[in-house]
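Before any comments, here is the structure.
There are 4 protein chains.
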Amino acid sequence: MVDLADAARRVLDAIRPHIGEGKVATYIPALGNVDPHQFGFAVAGIDGTVHGAGDQDVRFSLQSVSKVFTLALALSRGDEAIWRRVHREPSGTAFNSLFQLEFEHGIPRNPLINAGAIVVTDQLLAETGDALGLLRDLLRAETGNPDLDVDRVIAASESETGHRNRALAHLMASFGNMRNPVEQTLDHYFRQCSITVSVTELARAGLLLARHGLQADGSRLLSPQDARRVVSIMLTCGAYDAAGEFAYRIGLPCKSGVGGGILAIVPDRCAVAAWGPGLDAQGNSVTATLALGTFGSITGWSIF
Amino acid sequence: MVDLADAARRVLDAIRPHIGEGKVATYIPALGNVDPHQFGFAVAGIDGTVHGAGDQDVRFSLQSVSKVFTLALALSRGDEAIWRRVHREPSGTAFNSLFQLEFEHGIPRNPLINAGAIVVTDQLLAETGDALGLLRDLLRAETGNPDLDVDRVIAASESETGHRNRALAHLMASFGNMRNPVEQTLDHYFRQCSITVSVTELARAGLLLARHGLQADGSRLLSPQDARRVVSIMLTCGAYDAAGEFAYRIGLPCKSGVGGGILAIVPDRCAVAAWGPGLDAQGNSVTATLALGTFGSITGWSIF
Amino acid sequence: MVDLADAARRVLDAIRPHIGEGKVATYIPALGNVDPHQFGFAVAGIDGTVHGAGDQDVRFSLQSVSKVFTLALALSRGDEAIWRRVHREPSGTAFNSLFQLEFEHGIPRNPLINAGAIVVTDQLLAETGDALGLLRDLLRAETGNPDLDVDRVIAASESETGHRNRALAHLMASFGNMRNPVEQTLDHYFRQCSITVSVTELARAGLLLARHGLQADGSRLLSPQDARRVVSIMLTCGAYDAAGEFAYRIGLPCKSGVGGGILAIVPDRCAVAAWGPGLDAQGNSVTATLALGTFGSITGWSIF
Amino acid sequence: MVDLADAARRVLDAIRPHIGEGKVATYIPALGNVDPHQFGFAVAGIDGTVHGAGDQDVRFSLQSVSKVFTLALALSRGDEAIWRRVHREPSGTAFNSLFQLEFEHGIPRNPLINAGAIVVTDQLLAETGDALGLLRDLLRAETGNPDLDVDRVIAASESETGHRNRALAHLMASFGNMRNPVEQTLDHYFRQCSITVSVTELARAGLLLARHGLQADGSRLLSPQDARRVVSIMLTCGAYDAAGEFAYRIGLPCKSGVGGGILAIVPDRCAVAAWGPGLDAQGNSVTATLALGTFGSITGWSIF
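Residue numbers (my numbering), protein chains in the order written: chain A, 333 to 636; chain B, 333 to 636; chain C, 333 to 636; chain D, 333 to 636.
As structure tokens, this is what we get:
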């Protein structure tokens, strides 16, 4: 039997010497102000108990980790149509950008890269009228934090500097793969990325996937097949240009964000969240990556 | 001695059986309403005399032919800096798009493709505050038509459907190669493309380049070197994906537009404009291409 | 406790209705002669016991599955230099070809695509003088079949039709990333791919990786880190253009070949081999893919 | 009336201060031994009189200039089929390589880049059995030098280092666009490039195109349309990655080679050859480029 509280403590001990390593993201100016000497870790057991360590209650910017939950919401509508608008294969380093999107006629490679997540948000917005609202409601319910919300300063900063995301969205629009006006979809997209959570909250929300689609209140959001779909995409596409390296170091399905957070799922067992603001050259948190690798080894739950 | 009036008549005779051939552009909805059974031809001798034939006074949408004059205006400021923002080599069929722009770090291949012309407009706008106004003034002066103006319906239609141009501009912005807000530059760009002229007016305006940079009033707009630069770019980059075929058929420096107009320059001799709304598969006017090839043969001024 | 003998039987039962599905590979003519109505399955427990089902002793062409063992041999030399000659990230659908290799200066994306495996063979050949011999010896030892060998007809057929592999190798040579003459390396490469094995033999050989680098005779071939490296590359890069779909369907580190075989590894537990000649559109065996997915579900060893 | 003898003298005077500029090509080792302090210039009037200057009788390696004559030979067979195997548009800087060829299914962009010239040689070889022999015979007849031949040392050096050409040829073969064994075609191709000529000889041979397809003995090799085709391809595709810059500097249809030679055609008037071993960054001879630009200005025969 794995003792998760003990595992959390051991992870923190292992990471402590590395706290502060890496470089805080600056491409969104508002993200650059975070104190790099922070580290939080939390594991939520399948029964809902959360064991945290370090800065477990400090909130950070979800950024791309939000893509996992937006995808879950889109799939929860039982709508297979999304798979005509986005593929589900890795994108390949350095070609994850406009190039591939153009050659593949405006269909992004997977829902966890920016272009793909924009399409998923666009679909959710077209179907429901409020992509941000749905995500916020889901995360409030699953994290147990009714005040969870968007950081408006970061959202504004994202929007201001989001030229590449605008290029992606307009390119998709030119191929007929946008259903709402580009700026409207991007407004939801930028705000989704700017939601703040703590690792405690994020681990708790991740149980949605560890439980194969069941929400905290016991109701079903996703079919088991769709939950497996989300987790399998995390496994092969969750770390941008470093999917291979990530698999080697961690051996679990993960999604990272430039806010420094990473969410990992161990189906039937737990959801794990780690956070440290300092990033490596690929944009993944140095300490969170280390923490999840350590957790996989300690528990024996890594695929290796 | 070449008799230009006679040449114009002979060109019309040769083209008559082909009038109506090709497909009117529809990608900008407002362009699709033009009657395809029209054809205009005009040659302006170096002395300023214009000899026209057919629908020589019907106005059509300049579209990409405008890029030649915007480039001339940007160069007229004696500012070499523009060449740090745009290259001057052919783009290669089918790779003239976002792909090449991304791999070349947001520096477009030449000023006569869309991305390049957007950069030139952006430069002119940043330096002068009114890129459209300058172009309109120049064309009014050189065509001799003080009422020359933008077709607002077409400009609005261009803007509405301009997703690919927006993708290009935002991609350049993401590389730091835009000086004004994207929508502001595009507003000038779309309106420049939507200026209407007749072949008579266009041929007259083309004399600016046939005279190596001298304007109709005898003042110098461009240095001879810069005029040669513009004309040489027309020669190798004036026909999008069909530069080779164009060179073969015409053998003169040209610039075509999807409005069906083509401008050709014979330095020291004349400027020639032809117009027919029906386009071939590469987007070049069928009758205007034929007309300029015929003109080159009749006069012996083709390079071949 | 999982009963592997029972699992093998249940897999066969589940697959039986699908035997014969898919299309036998024909791009190498000699591969096209295989009877499609065959299916073999075998699982080798960590203790070395093998449980087979169906055509468990029929031999087939290893093809790309051989790449896993060639990589293991190259790494066994403790030589990190190979990682200067090949990356270890997924390649991205449809761009796994010369294109990516050219843009990345002749450094292939990973050792399990053709270009990467050619580099690994080239390295092994340069270091030892006999890449094929080493692989054959390793597989003879690990499969327990002293007569295991190359199918010369298939090897000749591969060589004859191997234009794309030659293009890859010469492109790498032009970037200085080949140490032996191209034809010499390719000769070893083609023959490695043409080795024949049964699923019983392949499962047994796969234990090398399930045991983190220990050979059948108890000696260490690979460090645990290098064994983990090989397995992690299988997880993200083992299925060409269908890595994402493979992860979803199977949830285990795998490597497939166009001969219809697939090898999967469950570290510390077992190695599994499945074979059926009929391939799906991505070149992966229909029945072998199904079989491994079924095995993952039955045993609960899939990552999901 | 232009005095060609005088023009040749004036060109030499203008170039003299620049002799020795540029870097001798070294990518083919045997080319690197040439003394850079040489310069030759010759113009052959339409009547056959040749006026030379400088090192007008020193022989150099034709290299890519040979592509013009191989193309003429292929077209001389009245065989339009070659245009199903090669396009005739510019290739675009930096994308002239395997990348474009792969995306365009093994059909090279034009006959004056390496891939295209290999296809033309392959076609000629398949149709006649001796591509090299035909080219040598043609050049012997047109240059008036019955001893004109291949430099075997250079041919061997080309073959030895020709990995990229092999990659191109095998890639085309993989698309079914090679009719002979790759090595056989390349053997002819490498030897064609290794033919040596003087500028006097090259200018004389160029009259074939200036006379719209008539050979020195008055017989017709090419139809006027095909001659125009060759010359138009020179205009847009004759200078690899510097077509635009070349057009600007020279304004005449040209073909350059890394041996330092350039051939230019002025239809109905003359053929011009210049040679200097020092190359600029794009691989075009510094002094030969300057010389042809000067010649165009002096004579007024530049298109500008």
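Using N, Cα and C, we set each Cβ at its ideal position, and we do this for glycine too. It should be emphasised that the depicted structure is a prediction, and the values quoted were computed from it without experimental measurement.
Handout entry: Spatial neighbours of D411 of chain B in its chain, beta-carbon cut-off 8 Å, leaving aside the 5 residues before and after
Key = Q455 and E459
Practice task
Specify the secondary structure class of H544 of chain C as computed by DSSP and reduced to three states.
Solution key: Correct three-state label for H544 of chain C: coil.
Problem - Beta-carbon proximity list for V452 of chain A, same chain, < 6 Å, skipping 5 on both sides - result: T402, L403, A406 and P443
Exercise for the section: Sort out for me which residues DSSP pairs I294 of chain A with in a bridge. Expected result: The requested residue 294 of chain A does not occur in the structure, where chain A is confined to residues 333 to 636.
Problem - Minimum C-alpha distance to I527 of chain B - residue among B:F392, B:A362, B:G448 and B:S423 - result: B:F392
Problem - DSSP-derived helix/strand/coil call for H383 of chain C - result: strand
Handout entry: Own chain residues within Cβ distance below 6 Å of A620 of chain D, not counting five before or after
Key = I594, A606, W607 and G608
Practice task
Scan the stretch 552 to 585 of chain B for residues whose Cβ lies nearer than 8 Å to a Cβ of chain D and list them as they occur along the chain.
Solution key: R560, R561, V563, S564, I565, L567, T568, C569, D573, A574, A575, G576, E577, A579, Y580, G583, L584 and P585
Exercise for the section: Establish whether the CB of R420 of chain C and some CB of chain A are separated by less than 8 Å. Expected result: yes
Practice task
Please go through the same chain and pick out, in chain order, the residues whose beta-carbon is closer than 6 Å to the beta-carbon of Q395 of chain C, but skip the five residues on each side of it.
Solution key: C525, G589, V590 and G591
Practice task
Return the residues of the stretch 598 to 621 of chain D that lie within a Cβ-Cβ distance of less than 9 Å from chain B, sorted by chain order.
Solution key: V598, P599 and D600
Exercise for the section: Determine the direct distance from the alpha carbon of M566 of chain A to that of Y572 of chain A, and round the result to whole angstroms. Expected result: 10 Å
Exercise for the section: Report buried or exposed for V580 of chain B, applying the criterion of at least 16 other Cβ atoms within 10 angstroms of its Cβ. Expected result: The sequence shown places Tyr at residue 580 of chain B, not Val. It counts as buried.
Exercise for the section: Say whether chain B places a C-beta atom closer than 8 Å to the C-beta of Q432 of chain D. Expected result: yes
Exercise for the section: Note down, in chain order, all residues in the stretch 433 to 448 of chain A with a beta-carbon under 8 Å from any beta-carbon belonging to chain C. Expected result: F435, E436, R441 and N442
Exercise for the section: Tell me whether R420 of chain B sits in a helix, a strand or coil according to DSSP, three-state version. Expected result: coil
Practice task
Using a Cβ-Cβ cut-off of 8 Å, state whether I378 of chain D counts as contacting chain B.
Solution key: no
Exercise for the section: Determine whether the Cβ of R496 of chain A lies closer than 8 Å to any Cβ atom of chain B. Expected result: yes
Exercise for the section: Return the chain-ordered list of same chain residues with a C-beta closer than 6 Å to the C-beta of S564 of chain B, the five sequence neighbours on each side being excluded. Expected result: There are no such residues.
Exercise for the section: Check whether the Cβ atoms of V649 of chain A and V604 of chain A lie closer than 8 Å to each other. Expected result: Because chain A in this structure spans residues 333 to 636, residue 649 of chain A falls outside the shown range and cannot be described.
Problem - Residue-chain proximity (L363 of chain A, chain B), Cβ-Cβ < 8 Å - result: no
Practice task
Determine, using beta carbons only, whether L518 of chain D comes closer than 8 Å to chain C.
Solution key: no
Practice task
Alpha carbon to alpha carbon, how far is R441 of chain A from T517 of chain A? Give it in angstroms, no decimals.
Solution key: Near 19 Å, if we compare the C-alpha coordinates of R441 of chain A and T517 of chain A.
Exercise for the section: Could you check what DSSP says for W415 of chain B in three-state terms: helix, strand or coil? Expected result: helix
Exercise for the section: Pick out the complete alpha helix (DSSP H) segments inside the stretch 333 to 393 of chain D, 4 residues or longer, and give them in chain order. Expected result: 336 to 347
Practice task
Classify I630 of chain C as helix, strand or coil using the three-state DSSP reduction.
Solution key: In this structure, I630 of chain C counts as helix in the three-state DSSP scheme.
Practice task
Can you tell me which of B:E436, B:R498, B:V531 and B:D469 puts its alpha carbon nearest to the alpha carbon of I450 of chain B?
Solution key: B:R498
Practice task
Give the range of the beta strand (DSSP E) segment to which A605 of chain C is assigned.
Solution key: C602 to W607
Practice task
Report yes or no: is there a C-beta of chain D within less than 8 Å of the C-beta of S396 of chain B?
Solution key: Closer than 8 Å: no.
Problem - Cβ of S408 of chain B within 8 Å of any chain D Cβ - result: no
Exercise for the section: For I594 of chain B, return the contacting residues in chain D, with the cut-off set at a CB-CB distance below 8 Å. Expected result: The contacting residues do not exist; I594 of chain B stays about 17 Å from chain D at best.
Exercise for the section: Output, in chain order, the set of chain A residues within a Cβ distance shorter than 8 Å of A357 of chain B. Expected result: Correct list: empty, because the minimum Cβ distance to chain A is about 16 Å.
Exercise for the section: Report all residues from its chain with a CB closer than 7 Å to the CB of R543 of chain D; omit the five preceding and five following residues, and keep chain order. Expected result: I378
Exercise for the section: Determine which residues share a DSSP beta bridge with R552 of chain B and list them. Expected result: B:L546
Practice task
With a threshold of 16 other CB atoms inside 10 Å of the CB of H437 of chain C, please say whether the residue is buried or exposed.
Solution key: Exposed, since its Cβ has fewer than 16 Cβ neighbours within 10 Å.
Handout entry: Cβ neighbour criterion (16 or more within 10 Å) applied to P422 of chain B
Key = Buried.
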